Amino acid sequence: MRQDKGQNLRERLRRGARSFDFDALIQGVSTVEPADEDTAAEAHDTPAGQAPVAPETHDTDRQRLRAALETLGARLLAESGKLAAACRGHDAEDSGYYLARVNQVLELLESVDPGGETARRLQTVGAPPDGRSWPLPVWTTYELAESPLGGLLPSDADEQFAADVIAAAVAAPQS
Amino acid sequence: MKVVAVVNQKGGVAKTTTVANLGACLAERGKRTLLLDLDPQANLTVGVGVPWYELDASLHTVLLDPDESPLASVLHPIADLPLYLAPGHLDLAQTEALLLPHADKAYRLRNALETLLEEQEFDWVLIDCPPSLGTLTQNAIVAATDLLIPTEPKFYAFAGMDTLNKMIVSLTRSLRFKVELFGVLLTMFERGTRLHATIAAEIRERFGEKVFETVIYKNVRVSESEVEGLPIILFDRRASGAQNYEALAEEVLLRAAG
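Here it is, written out as structure tokens:
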């Protein structure tokens, strides 16, 4: 009887554990190409958003799409981080500049992957969570108030600050 | 030289205890060893007798301003061993947010460590990671050559390692780094507990020879040594906890030798 109980426990454990994936841990990972290893130190200053892994060979549509989504996802995170920092510093001019860059990335993402479904499926960096899409670009104070990007404004920001950010975003040069 | 990030996003699995005591055991075997306390709780720092609250410089200042606060300038010698600590600090809780705008935020520790290693030699660097998978842990993984995962023999261990696996896969998409699993260490083991034995067997089946033969059993003397600010081998060498970590150090050295 005790043996049955022990076996049952082992079986349940095994079934549960089978649903987990440890391959990357067990096999180890490397995004440093063998030829790059000597020069890996030089790569340390490379912005994460602009250096997704090793160079990819774009020999299929799927790879091209993945590369585009990786690059845009990483850029979205990087620019959002700069926007957050500028907002924390109550710098409306800089906040607007980075908001414009975030908007440009969001517009590109919307054109490449409407709804974010592909990014979720490919598990690319910054993919929106289940049931959510990419945030919409924000070009008005109303949209900023409704957008998750509005959460980056400092807690003591008033309407004038939000308006100044939007004005700076609209005036920012397009890259 | 190996740079080992001791990582598990679950708290209370003996990450800090493992870094302090494995580090001391390696140092006692003549290996010049550096401990890095990346946890804002700074338990490792206190656990080896350094009062973080009296410090102006810590890994927080190293990560934020490595020119003003190079890693070499924050090292503290521990006991009379070739053992050094780069202390943690409560301020590390803010580091992640302050690093956010910096494109190289995940590479700060690796860069600081490389600068240090141009001037000083270490055989082992052990990094105590916070119980989270944020920027501080990313810094540890990017700086590391190897990962050591302490884990309790509980079912949640599988979910925790699955999450860590996902995080590593995710990091490969945006960061340049290379890391291998040095080993999985079963900790907080209770003798005579059927569940622990069963789960340990399952972990060994999944991870094979990556799981250390040595098991760290629960031992109150280890907790007492932390109160005294001493690694267990300097507090009570006869304690079973000390013997566990001595055995782990031997196995670690053997494994590193290949």
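Chains as they are written, first to last, in this note's numbering: chain A, 3 to 177; chain V, 3 to 260.
Cβ atoms here follow ideal geometry from the backbone N, Cα and C, with glycine treated the same way.
No experiment lies behind these values; they were computed from the predicted model shown.
Could you say which of the options lies nearest to residue i if we only look at CA atoms?
i: asparagine 10(V); options: Ala105(V), Thr165(V) and Gly194(V); result: Thr165(V)
i: leucine 73(V); options: Glu56(V), Arg112(V), Ala44(V) and Ala99(V); result: Arg112(V)
i: phenylalanine 157(V); options: Tyr86(V), Leu197(V), Val213(V) and Ile151(V); result: Leu197(V)
i: glutamate 192(V); options: Phe184(V), Ala202(V) and Leu183(V); result: Ala202(V)
i: proline 152(V); options: Gly136(V), Met169(V), Lys212(V) and Leu28(V); result: Lys212(V)
i: leucine 256(V); options: Gly14(V), Leu28(V) and Ala142(V); result: Leu28(V)
i: leucine 151(A); options: Gly30(A), Leu78(A), Asp23(A) and Arg64(A); result: Leu78(A)
i: leucine 36(V); options: Arg208(V), His104(V), Leu119(V) and Glu70(V); result: Leu119(V)
i: threonine 117(V); options: Ala145(V), Ser242(V) and Ser134(V); result: Ala145(V)
i: isoleucine 218(V); options: Asp106(V), Ala199(V), Leu236(V) and Leu232(V); result: Ala199(V)
i: leucine 236(V); options: Ala259(V), Leu83(V) and Leu101(V); result: Leu83(V)
i: proline 53(V); options: Gln245(V), Asp238(V) and Glu230(V); result: Glu230(V)
i: alanine 86(A); options: Ala108(V), Leu115(V), Leu102(V) and Tyr86(V); result: Leu102(V)
i: histidine 92(A); options: Phe24(A), Val31(A), Gln162(A) and Pro131(A); result: Gln162(A)
i: histidine 104(V); options: Ser82(A), Asp25(A), Ile28(A) and Arg12(A); result: Ser82(A)
i: alanine 173(A); options: Leu111(A), Ala26(A) and Thr142(A); result: Thr142(A)
i: glutamate 252(V); options: Arg240(V), Glu215(V) and Leu232(V); result: Glu215(V)
i: arginine 206(V); options: Ala159(V), Tyr247(V) and Ala26(V); result: Ala159(V)
i: alanine 114(V); options: Ala259(V), Pro68(V) and Phe179(V); result: Pro68(V)
i: threonine 20(V); options: Ala259(V), Ala258(V), Asn246(V) and Gly260(V); result: Asn246(V)
i: arginine 175(V); options: Asn10(A), Arg68(A), Gln106(A) and Gly30(A); result: Arg68(A)
i: leucine 232(V); options: Lys17(V), Ala22(V) and Met3(V); result: Ala22(V)
i: histidine 78(V); options: Ala99(V), Gly51(V) and Met3(V); result: Gly51(V)
i: methionine 169(V); options: Val31(A), Arg14(A), Gln9(A) and Glu13(A); result: Val31(A)
Can you find the residues in the same chain that come closer than 6 Å, C-beta to C-beta, to residue i, ignoring five residues on each side of it along the sequence?
i: leucine 263(V); result: Look at the range of chain V in this structure, 3 to 260, and you will see that residue 263(V) is not part of it.
i: glutamine 52(A); result: In this prediction, glutamine 52(A) scores a pLDDT of 38, lower than 50, which makes its location untrustworthy; the coordinate-derived value is nonetheless stated afterwards. Excluding residues within five positions, none has a Cβ falling inside 6 Å.
i: glutamate 228(V); result: Gly49
i: lysine 84(A); result: Tyr100
i: lysine 33(V); result: Asp125 and Trp126
i: valine 55(A); result: With a pLDDT of only 38 at valine 55(A), under 50, the local geometry of the prediction cannot be trusted, and no value is derived from it.
i: alanine 45(A); result: Because alanine 45(A) carries a pLDDT of 42, less than 50, the predicted location of this residue cannot be relied on, and no value is offered for it.
i: threonine 147(V); result: Lys4 and Val5
Since I believe residue j is in contact with residue i (beta carbons under 8 Å), could you give me their beta-carbon distance rounded to a whole number of angstroms?
i: valine 5(V); j: valine 186(V); result: Contact flag wrong, Cβ pair sits at about 18 Å.
i: valine 254(V); j: leucine 24(V); result: 7 Å
i: glycine 118(A); j: arginine 134(A); result: 7 Å
i: alanine 76(A); j: glycine 18(A); result: Not a contact, Cβ separation roughly 34 Å.
i: isoleucine 234(V); j: valine 224(V); result: 5 Å
i: phenylalanine 184(V); j: leucine 150(V); result: 5 Å
i: aspartate 23(A); j: asparagine 167(V); result: 6 Å
i: lysine 1(V); j: glycine 162(V); result: For residue 1(V) there is no data in the structure shown, the boundaries of chain V being 3 and 260.
i: alanine 26(A); j: valine 171(V); result: 5 Å
Against residue i, what residues of chain V qualify as contacts under a CB-to-CB distance less than 7 Å, listed in chain order?
i: leucine 78(A); result: Under the 7 Å cutoff, chain V gives no residues; its nearest Cβ is about 11 Å from leucine 78(A).
i: isoleucine 28(A); result: Leu183, Phe209 and Lys212
i: glycine 83(A); result: Leu102 and Pro103
CB-CB under 8 Å to residue i, same chain, minus the five flanking residues each way: which ones, in chain order?
i: lysine 220(V); result: Met190, Phe191 and Glu192
i: leucine 266(V); result: This structure gives no information on residue 266(V), because the portion of chain V shown stretches from 3 to 260.
i: proline 49(A); result: Residue placement at proline 49(A) cannot be trusted, given a pLDDT of 42 that sits under 50; what the coordinates show is reported in the next sentence. Closer than 8 Å at Cβ, skipping near neighbours: Ala80.
i: leucine 108(A); result: Leu78, Trp136, Pro137, Leu138 and Pro139
i: serine 21(A); result: none
i: glutamate 148(A); result: none
Given residue i, which residues of its chain have a CB within under 7 Å of its CB, disregarding the five upstream and five downstream residues?
i: leucine 71(A); result: Val114, Asp115, Thr120, Ala121, Leu124 and Thr126
i: cysteine 89(A); result: Ser97, Leu154, Leu155 and Pro156
i: leucine 57(V); result: Pro89 and His91
i: glutamate 154(V); result: Val15, Thr189 and Met190
i: serine 75(V); result: Ala59
i: aspartate 47(A); result: At aspartate 47(A), the pLDDT of 41 sits below 50, so the modelled position is not reliable and the matter cannot be decided from this model.
i: alanine 94(A); result: Phe163, Asp166, Val167 and Ala170
i: isoleucine 28(A); result: none
i: alanine 81(V); result: Leu236
i: arginine 16(A); result: none
Would you mind telling me which residues of chain A sit closer than 9 Å to residue i, beta carbon to beta carbon, in chain order?
i: isoleucine 234(V); result: Those within 9 Å of isoleucine 234(V) in chain A number zero; the least Cβ separation is about 28 Å.
i: phenylalanine 124(V); result: Result: empty, since nearest Cβ-Cβ is about 18 Å, beyond 9 Å.
What residues from chain V crowd round residue i, counting only those whose CB sits closer than 9 Å?
i: aspartate 23(A); result: Asp164, Asn167, Lys168 and Val171
i: alanine 86(A); result: Ala99, Leu102 and Pro103
i: threonine 126(A); result: Arg175
Is residue i near the ligand SAM, going by C-beta to nearest heavy atom under 8 Å?
i: leucine 78(A); result: The model depicted lacks the ligand SAM and carries no ligand whatsoever.
Along chain V, which residues have their Cβ under 8 Å away from the Cβ of residue i?
i: glycine 18(A); result: Phe157 and Phe160
i: valine 104(A); result: Residues of chain V passing the Cβ test: none, with the nearest at roughly 13 Å.
i: glutamate 72(A); result: Arg175 and Ser176
i: arginine 12(A); result: Thr200, Ala203 and Glu204
i: leucine 15(A); result: Phe157, Thr200, Ile201 and Glu204
i: valine 114(A); result: What valine 114(A) touches in chain V: nothing, since even the nearest Cβ is about 16 Å away.
So which residues on chain A does residue i lean against when the C-beta distance must stay under 8 Å?
i: arginine 193(V); result: Those within 8 Å of arginine 193(V) in chain A number zero; the least Cβ separation is about 17 Å.
i: glutamate 30(V); result: Residues of chain A passing the Cβ test: none, with the nearest at roughly 29 Å.
What residues of chain A sit near residue i, judged by a beta carbon separation below 7 Å?
i: lysine 220(V); result: Ordered by position in chain A, no residue passes the 7 Å Cβ test against lysine 220(V), which lies about 21 Å from the chain.
The segment 43 to 57 of chain V / the segment 161 to 170 of chain A touching (three or more Cβ pairs under 8 Å): no
Contact the segment 85 to 100 of chain V vs the segment 52 to 65 of chain V: 3+ CB pairs below 8 Å: yes
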